[in-house]
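Engineer: At position 81 of the sequence shown the residue is numbered 80 (numbering that gives the first Met the number 0), and the sequence of numbers has no breaks. Just so it is clear, CB atoms sit at the ideal spot from N, CA and C, and this is done for glycine as well.
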Amino acid sequence: MYYGIELDYCVNFRGDDILNFIERNLTSNSFKKALALVLLIAALFLLKDFMSLILLTLIEVILILDLSKTLYKKARFKRIFTKRIVDIISYFLVVLGLIGFLVVFIPNIANQVNLLINGIKNYDFSEFISKFDKYNLDIKEDTLMKGLSSINVLTMKAVGYIKNTGFNIGLSILLSFMYILEQHKLKAFFQRFETGKGNFLYTYYKSLAKIFMKSFVVVIEMQLVISLINAIISSIILTLLGFENVFILGPMMFILGLMPVVGVIVSFIPLSICALQIGGISKLISVVVMIIVLHAFESYVLNPKIMSSAIHLPIFITFTVLILSEHFLGAWGMIIGIPLFVFILELVNGEREEIA
């Protein structure tokens, strides 16, 4: 009987202790921050396949609102139009720019893919192989054709990727239009969470979203700088290689450079076609080497250096974040990785008032 009483007392004591511990930690600020971080990471993981759509929509909304803000500052717009009308005008201006890009470049690239494949199939490789005879290199035409057939497969995969990107762009245009029309309703909708049981999540995400958006805009601006530098260097190299219409290829590479990885794949197709027309396989190899070197230079030198100076992070940290974000979030991780890292830093280390 004595041991039973002692056992009941120990169980009750430990049970009360555990309940008190859980209750105390559930209401602590540290636990709320940890929960907010875990939920954020889980949401990103679940939405990984939709990252392209989300980021394209976000970029379009930023461009539209920035353009609207600039236009609304003009006195003539204030006198004639309301802010809502200026938002809609800005939307159509941005969309027309996107559609213009798609109409000019995407169909031409898609139509020329077959020319690229047929050009490789019909190319006389015997003359190309004979150039290596003086180096005593035993290169068989069948082996070369097998390697080039893999290029055809990669090219067709790239076309599928381009189509998927085009679909995401179209859907993001629709979503951004809905956001512009109902931004005030959306704001009122999310304000309902201020008084709910999970209001601490709303409070954290609302304050930190401003930090995320600020760093995200900086990253987009830096990506413009990186893409411009890449386009200038590419134009110079293409001129030295004897390419014509560099004034067309340069702006094309600048625009495509704003899209991580996808831009490299898409720009490779017209450059390859031009290379085959100008100097055959040897010129094509030169273009491939140029793209690989420039992509490596952009990813491992320009990106970490410029991003670190803009976000005020050490280059090593910036470089590591870019690698990890690209691995876990895909190509768009190169864009969203740094803002997300700044967001997490602020969530973990930021000095916030205790939330009841």
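Cα separation between residue 237 and residue 245?
Structural biologist: If I take the Cα positions, the gap works out to 7 Å.
Engineer: Taking the C-alpha atoms as reference points, what is the distance between residue 95 and residue 190?
Structural biologist: Roughly 33 Å between the two C-alpha positions.
Engineer: Can you tell me whether residue 298 is helix, strand or coil according to DSSP?
Structural biologist: In this structure, residue 298 counts as helix in the three-state DSSP scheme.
Engineer: Report, in whole angstroms, the separation of the C-beta atoms of residue 335 and residue 328, which I expect to be a contact under 8 Å.
Structural biologist: Yes, they are in contact, since the Cβ atoms of residue 335 and residue 328 sit about 6 Å apart, within 8 Å.
Engineer: Residue 214 and residue 341 - do their beta-carbons sit closer together than 8 Å?
Structural biologist: Cβ distance < 8 Å, so residue 341 and residue 214 count as in contact.
Engineer: Here's the rule: buried if 16 or more other CB atoms are within 10 angstroms of the residue's CB, otherwise exposed. What is residue 291?
Structural biologist: So residue 291 ends up on the exposed side.
Engineer: If you follow the alpha helix (DSSP H) that residue 223 is part of, which residue opens it and which one closes it?
Structural biologist: Taken as a continuous stretch (DSSP letters only), the alpha helix (DSSP H) holding residue 223 covers 198 to 239.
Engineer: Measure the CB-CB distance between residue 253 and residue 230 and report whether it falls below 8 Å.
Structural biologist: Closer than 8 Å, so yes.
Engineer: Within 10 angstroms of its Cβ, does residue 306 collect 16 or more other Cβ (buried), or is it exposed?
Structural biologist: Label assigned to residue 306: buried.
Engineer: Between 36, 29, 30, 27, which has its C-alpha nearest residue 207's C-alpha?
Structural biologist: Residue 36 is the option with its Cα nearest to residue 207.
Engineer: Taking 8 Å as the cut-off, does the segment 165 to 180 touch the segment 54 to 68 (at least 3 CB pairs, one atom from each stretch)?
Structural biologist: Result yes; three or more Cβ-Cβ pairs closer than 8 Å.
Engineer: Let me know the secondary structure DSSP gives residue 326 once reduced to three states.
Structural biologist: Correct three-state label for residue 326: helix.
Engineer: Taking buried to mean at least 16 other C-beta atoms within 10 Å of its own C-beta, is residue 332 buried or exposed?
Structural biologist: That one is buried.
Engineer: Check whether the Cβ atoms of residue 338 and residue 218 lie closer than 8 Å to each other.
Structural biologist: Yes; because the gap between Cβ atoms is below 8 Å, this pair is in contact.
Engineer: Is DSSP giving residue 163 helix, strand or coil here?
Structural biologist: Three-state DSSP puts residue 163 in a helix.
Engineer: From which residue to which residue does the alpha helix (DSSP H) around residue 190 run?
Structural biologist: Segment: none, residue 190 is in no alpha helix (DSSP H) and carries neither H nor E.
Engineer: With 16 as the cutoff for other CB atoms within 10 Å, does residue 256 come out buried or exposed?
Structural biologist: The residue is buried, with at least 16 neighbouring Cβ atoms inside 10 Å.
Engineer: Are the beta-carbon atoms of residue 249 and residue 277 separated by less than 8 Å?
Structural biologist: Result no, Cβ atoms of residue 249 and residue 277 do not sit closer than 8 Å.
Engineer: Applying the 10 Å Cβ sphere with the 16-neighbour rule, what's the burial state of residue 60?
Structural biologist: Label assigned to residue 60: buried.
Engineer: Kindly list the residues whose CB is nearer than 8 Å to the CB of residue 180, restricted to its own chain and excluding five residues on each side of it in sequence; keep chain order.
Structural biologist: So the list reads 87, once near-sequence residues are dropped.
Engineer: Alpha carbon to alpha carbon, how far is residue 228 from residue 198?
Structural biologist: Those two C-alpha atoms are separated by around 45 Å.
Engineer: Assuming residue 92 contacts residue 66 under a Cβ cut-off of 8 Å, what Cβ separation, rounded to an integer in Å, is found between them?
Structural biologist: At roughly 6 Å, the Cβ-Cβ gap stays under 8 Å, so residue 92 and residue 66 are in contact.
Engineer: On the three-state DSSP scale, how would you describe residue 244?
Structural biologist: If DSSP states are grouped into helix, strand and coil, residue 244 belongs with coil.
Engineer: Look at the alpha carbon of residue 284 and the alpha carbon of residue 221, and state the distance between them as a whole number of angstroms.
Structural biologist: Rounded to the nearest angstrom, the two C-alpha atoms are 30 Å apart.
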